[in-house]
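One structure below.
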Amino acid sequence: MGETKFEEISVGRGEDLVTLTRWVISQQQDAPEATGDLTLLLAAIQFGCKFVASKVKQAGLINLLGLTGAANVQGEEVKKLDVLANDIFRNALIASGKACILISEEDENAMVIQDKNLRGKYIVTFDPLDGSSNIDCGVSIGTIFGIFKVDDSENPNEKDVLRSGRNLISAGYCMYGSYCEMILSVGNGVNGFTLDPAIGEFIMTHPNIKMPSRGKIYSVNEGNYKHFDEPCKKYVDQVKQKYSARYVGSMVSDIHRTLLYGGIFGYPADAKSKRGKLRILYEVFPMSFLIEQAGGKASTGTQNALDLIPEHIHDRSGIWLGSKEDVEELESFYKQ
Ligand code: AHM
Ligand code: MG
């Protein structure tokens, strides 16, 4: 006895591979008031993304492509993968014990977790599989999520869910593309983590993403040009003189490119879609939060998108997201 020698060791942060789990835990350790609840909630989201990534890869082989035959609350055709992804996230979030209300593109109502033992303090808004029109042809799709806190998890109510985007505490997306990438912000910048399929872990590959203040790409569905209002038409007319066009038609992919390369993405309100197409709580807000956190700008054309307050959980808005100077240039057309 008494022969054991002790020697101190430490792990230098950032000196070796940083997994998403490790990074989230380090954020918790840096916040003295943190309880670890958000860490567990993000672990559930991370699990959901890995699960969906795996199913997306296998979809053509295991009869997961195509329609269910049903329509969702918004009258859109529902794909089999939409339903599966919704179930995966719903189950993972409930099991985490840290969520209180779930608001999904696929569910008509805000879902309150019934079992009080499993009810936490967070509201998660999500589009389980965004880019539905691209699922069956193998083009990149993704999951988008935003996280709010409820005031009183015993008595959640409407004012908890119909709040401005300024109340978001975290947001992110996972892109299922040529590589699978999770982009996450907890309100102090944006980081990107690439899934290493060999070990099943997201590894930090894009630390502290900062957008260029101007880009060279515009991204808008010009098939809708005839419906655009005059300022929007004029902006598109002039931006196409100087920029390249890129439009995937999956918001996650179009935003991922915009985040990394700069430029501008827009889905404006127009004569056909009077309030735009993209939904405020689980498309517009999370992406606006990420873009702002990366130094870019989010605008409806006339106001900051994070200042919107939805009147209904599935409300939509026109949206422009991108490099700060590009979005300001677009806004200048609405001021004229
Ligand atoms: P979805 O949630 O039903 O997939 O719809 C949202 C998608 C976005 O990913 C994308 O930006 C937009 O719809 C594309 O719409 P369009 O096909 O009209 O260009
Ligand atoms: Mg969507």
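Quick note: the sequence shown, position 268, residue 267 per numbering that gives the first Met the number 0, numbers continuous.
We put the beta carbon where it would ideally sit given N, CA and C, even for glycine.
{"Query": "Selection from N154, I24, I182 and D159 that minimises the alpha carbon distance to K115", "Result": "N154"}
{"Query": "Segments assigned beta strand (DSSP E), at least 3 residues, entirely inside the region 208-238", "Result": "216-218"}
{"Query": "Own chain partners of I312 with C-beta closer than 7 Å, once the 5 adjacent residues on each side are dropped", "Result": "I102, A109, V160 and L280"}
{"Query": "Where the beta strand (DSSP E) containing S169 begins and where it ends", "Result": "S169 to Y175"}
{"Query": "M110 in three-state terms, based on DSSP", "Result": "strand"}
{"Query": "Cβ neighbour criterion (16 or more within 10 Å) applied to G68", "Result": "exposed"}
{"Query": "Alpha-carbon spacing of G59 relative to G65, whole angstroms", "Result": "9 Å"}
{"Query": "Euclidean distance between Cα positions of D228 and V82", "Result": "35 Å"}
{"Query": "Cα-Cα separation, G261 to N156", "Result": "38 Å"}
{"Query": "CB contact flag (K49, L194, <8 Å)", "Result": "yes"}
{"Query": "Residues that DSSP places opposite K296 in a beta bridge", "Result": "G321"}
{"Query": "A268, buried or exposed, once every other Cβ within 10 Å from all chains shown has been counted against 16", "Result": "buried"}
{"Query": "Separation of F288 from A197, as counted between CA atoms", "Result": "31 Å"}
{"Query": "7 Å Cβ shell around G188 - same chain, five flanking residues per side excluded", "Result": "N207 and Q292"}
{"Query": "Span separating the alpha-carbon of L40 from that of Y175", "Result": "21 Å"}
{"Query": "DSSP three-state assignment for A91, whether helix, strand or coil", "Result": "helix"}
{"Query": "Opening and closing residue of the alpha helix (DSSP H) in which H255 lies", "Result": "M250 to Y260"}
{"Query": "CA nearest to the CA of T204, picked from C179, V238, D29 and S249", "Result": "C179"}
{"Query": "Coarse secondary structure for A84, derived from DSSP in three states", "Result": "helix"}
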